[in-house]
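Chains as they are written, first to last, in our numbering: chain A, 1 to 265; chain B, 1001 to 1265.
Just so it is clear, CB atoms sit at the ideal spot from N, CA and C, and this is done for glycine as well.
Heads up, the thing below is written out as structure tokens.
There are 2 protein chains.
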Amino acid sequence: MTTTDDERDSDVVAVTEGPAAAAGLTRPPGLDRDRILRAAIDFIDTHGLPALTMRRLGATLGVEAMALYRYVPGREDLLDGVIDTVVESLFDDDDQPDDIHLEHASGWQDYLVRLAHGVRRIALAHPSVFPLVASRPPAAPWVRPPLRSLRTVESFLATMQDGGFSDQAAVAAYRAYSSFLLGHLLLEVSQLGAKVSLLDLPEGDADVQASTNLAAYPHLLKLEPLLGQDKSAAEFEESLENLLDRLTRVLHEAEDSDDGSVLDL
Amino acid sequence: MTTTDDERDSDVVAVTEGPAAAAGLTRPPGLDRDRILRAAIDFIDTHGLPALTMRRLGATLGVEAMALYRYVPGREDLLDGVIDTVVESLFDDDDQPDDIHLEHASGWQDYLVRLAHGVRRIALAHPSVFPLVASRPPAAPWVRPPLRSLRTVESFLATMQDGGFSDQAAVAAYRAYSSFLLGHLLLEVSQLGAKVSLLDLPEGDADVQASTNLAAYPHLLKLEPLLGQDKSAAEFEESLENLLDRLTRVLHEAEDSDDGSVLDL
DNA sequence: CCCACGCGTTTACGATGTAAACCGCTTCGG
DNA sequence: CCGAAGCGGTTTACATCGTAAACGCGTGGG
């Protein structure tokens, strides 16, 4: 920033209470850690993470920056709270579309599918927040994003062991699963962010410099239309199914004989 | 930062030229974009990304912050240069251990293995830099980290098509492969960073609060030792082999009949 | 009645990224 | 030989950031 002058104040300026605020309940019913967290999430979603500033966040809440410090120890902790809130939205909300609820899962495969869809849903709902989930240090060293809460990991491992996975196999499945989720969702989300950030930069011309220097790369040139189109959803499902197949295979192999795979060992 | 007071100045203070500097060629043979980039990489490796500051980076080069701006447009562009340099180190250096060189690859499978090992190598060599590779917007919207350079993508696609992959299959393989690499390496690297950042925080007691609240999570408690140990290398190989198997399978299926998988379609 | 305290504001400080002016070498054309 | 150009680094300056500390102000219980 500092040089890039976009995001001019507009729509960030405080509400500057009309006279109706005397009642005290219409717009700002007082600050609140939860209100702050939700406001921060909204802010990041609409203005991007680097634009999030204590003063600006305060402004959207009609309050001075320092007021936030009564409810949040500092900016870093605020961001931690943001990711916690987003991740926890896997459970609390009942506005889930239909087949997401983890409690109703039958069998570990169904559970993994529901969990994957749930995480993907929140990732796509908050594309600018999701990278935070990956870059921020987790609670314990062995907690792997995007399954960041102890609660989630516990639930995961319990389900797998109920499904017959050995200790080692359950842990290996946890690692393979988190790698799969993080890789796919991070890339899908970043692609999504790149798409919108390219639409506001140039005024008239569309994709000029993209095609210019591509002359030296014949395959890129030929495949560019293919590379452009977005098959993220289908690829996600296919990769997920492949992972499930692999896990199923390992589970049955472990029941029969015993080979030396990392997944059971 | 601002509150966290670690990383006191020591070893960041400028060299403060002795009298021998009159010759002008002993220590700082003049600035240089490449020198700056390498210094930045070293700095991030040893002090972490948030500690990288124009003034501090200048200090390590025995120079005032503003001097850097002759060679680098700004901090953001400097970071872009950093990741370019790191990623490009896949090709230029001949200090590669043995079986990494991509030019000597025979067949697409060998190529993919070499490339994976090469990327993993640079990720582990610069754990604090690698997350940048993921979070920074790439050159084109369809360039997927960690294969960030057009050159790399071109090489990848060329190899796959030489191996018999159709246009769609090559692109799908590119996406699956990048997701795999990013997920695994990002998690391995972050785990590595978390391990060291936990060793300097507490003075006397070791893993106290880690085991405290775990009482409510029986499976976590039981599996904690398993979760702690690091099998990243083996898991990486196994996942990589699985991906290769999947690609091989799809390639042969596409030769015989034609099912509707995303990988060829 | 008052006063203590919860909540938000004001003020202030050090750090950061970077623009702009500055200044001392070299170097080279006349 | 000399002076002007300009390269390379420094100094100064400013807006903005996170946050500590002191300051009100309204409100509700002794």
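Contacts of residue i in chain B (Cβ-Cβ under 7 Å)
i: Y217 (chain A); result: L1150 and E1154
i: G164 (chain A); result: Correct list: empty, because the minimum Cβ distance to chain B is about 14 Å.
i: S197 (chain A); result: P1137
i: R144 (chain A); result: L1187
i: R175 (chain A); result: E1235
i: R246 (chain A); result: N1242
Cβ-Cβ distance between residue i and residue j below 8 Å
i: I942 (chain B); j: V1082 (chain B); result: This structure does not reach residue 942 (chain B), given that chain B is present from 1001 up to 1265, and the question cannot be answered.
i: G183 (chain A); j: G1048 (chain B); result: no
i: W1108 (chain B); j: M1160 (chain B); result: yes
i: L1185 (chain B); j: V1087 (chain B); result: no
i: I1036 (chain B); j: L1079 (chain B); result: no
i: L251 (chain A); j: A169 (chain A); result: yes
i: H219 (chain A); j: E1103 (chain B); result: no
i: L1181 (chain B); j: P1146 (chain B); result: yes
i: Y177 (chain A); j: L90 (chain A); result: no
i: A1039 (chain B); j: T1060 (chain B); result: yes
i: D167 (chain A); j: L1223 (chain B); result: yes
i: E237 (chain A); j: A1172 (chain B); result: no
i: D45 (chain A); j: H117 (chain A); result: no
i: R33 (chain A); j: V72 (chain A); result: yes
i: L227 (chain A); j: Y1217 (chain B); result: no
i: N213 (chain A); j: R1246 (chain B); result: no
Listed by chain order, chain B residues near residue i by CB distance under 8 Å
i: W108 (chain A); result: Result: empty, since nearest Cβ-Cβ is about 13 Å, beyond 8 Å.
i: A194 (chain A); result: P1137, P1138 and P1141
i: D167 (chain A); result: K1222, L1223 and L1226
Where residue i falls, given that 16 or more other Cβ within 10 Å makes a residue buried
i: R1070 (chain B); result: exposed
i: G1030 (chain B); result: exposed
i: T1248 (chain B); result: exposed
i: L1221 (chain B); result: exposed
i: S239 (chain A); result: buried
i: S179 (chain A); result: buried
i: V1143 (chain B); result: buried
i: L175 (chain A); result: Note that residue 175 (chain A) is Arg in the sequence shown here, rather than Leu. By the neighbour-count rule (16 or more Cβ atoms within 10 Å), R175 (chain A) is buried.
i: V129 (chain A); result: buried
i: P50 (chain A); result: exposed
i: A1254 (chain B); result: buried
i: P1225 (chain B); result: exposed
i: G1058 (chain B); result: buried
Neighbour list for residue i in chain A, Cβ cutoff strictly below 7 Å
i: F1180 (chain B); result: G183
i: S1128 (chain B); result: The contacting residues do not exist; S1128 (chain B) stays about 11 Å from chain A at best.
i: P1131 (chain B); result: S135
Chain A residues whose Cβ lies nearer than 8 Å to that of residue i
i: A1172 (chain B); result: K231 and E235
i: L1115 (chain B); result: None at all; the shortest Cβ gap to chain A is about 15 Å.
i: R1120 (chain B); result: Here the premise fails: no neighbours, minimum Cβ distance about 13 Å.
i: S1239 (chain B); result: A176 and S179
Chain-ordered chain B contacts of residue i [CB-CB under 9 Å]
i: L157 (chain A); result: Y1217, H1219, L1220, K1222, L1223 and L1227
Interface residues of chain A facing residue i [CB-CB closer than 9 Å]
i: R1055 (chain B); result: None at all; the shortest Cβ gap to chain A is about 15 Å.
Considering only residues of the segment 155-190 of chain A, which uninterrupted beta strand (DSSP E) runs meet the minimum length of 3 residues and lie entirely inside it, listed in chain order? Restricting attention to beta strand (DSSP E) runs no shorter than 3 residues, the segment 155-190 of chain A encloses none.
Extract the residue ranges of the alpha helix (DSSP H) inside the segment 85-154 of chain A, only unbroken runs of 4 or more that lie entirely within it. Entirely contained in the segment 85-154 of chain A, the alpha helix (DSSP H) runs reaching 4 residues are, in chain order, 107-125 and 130-135.
Pair every Cβ in the segment 137-153 of chain A with every Cβ in the segment 1189-1198 of chain B, then say whether three or more of these pairs are closer than 8 Å. Judged by Cβ distances under 8 Å, the segment 137-153 of chain A makes contact with the segment 1189-1198 of chain B, as three or more pairs qualify.
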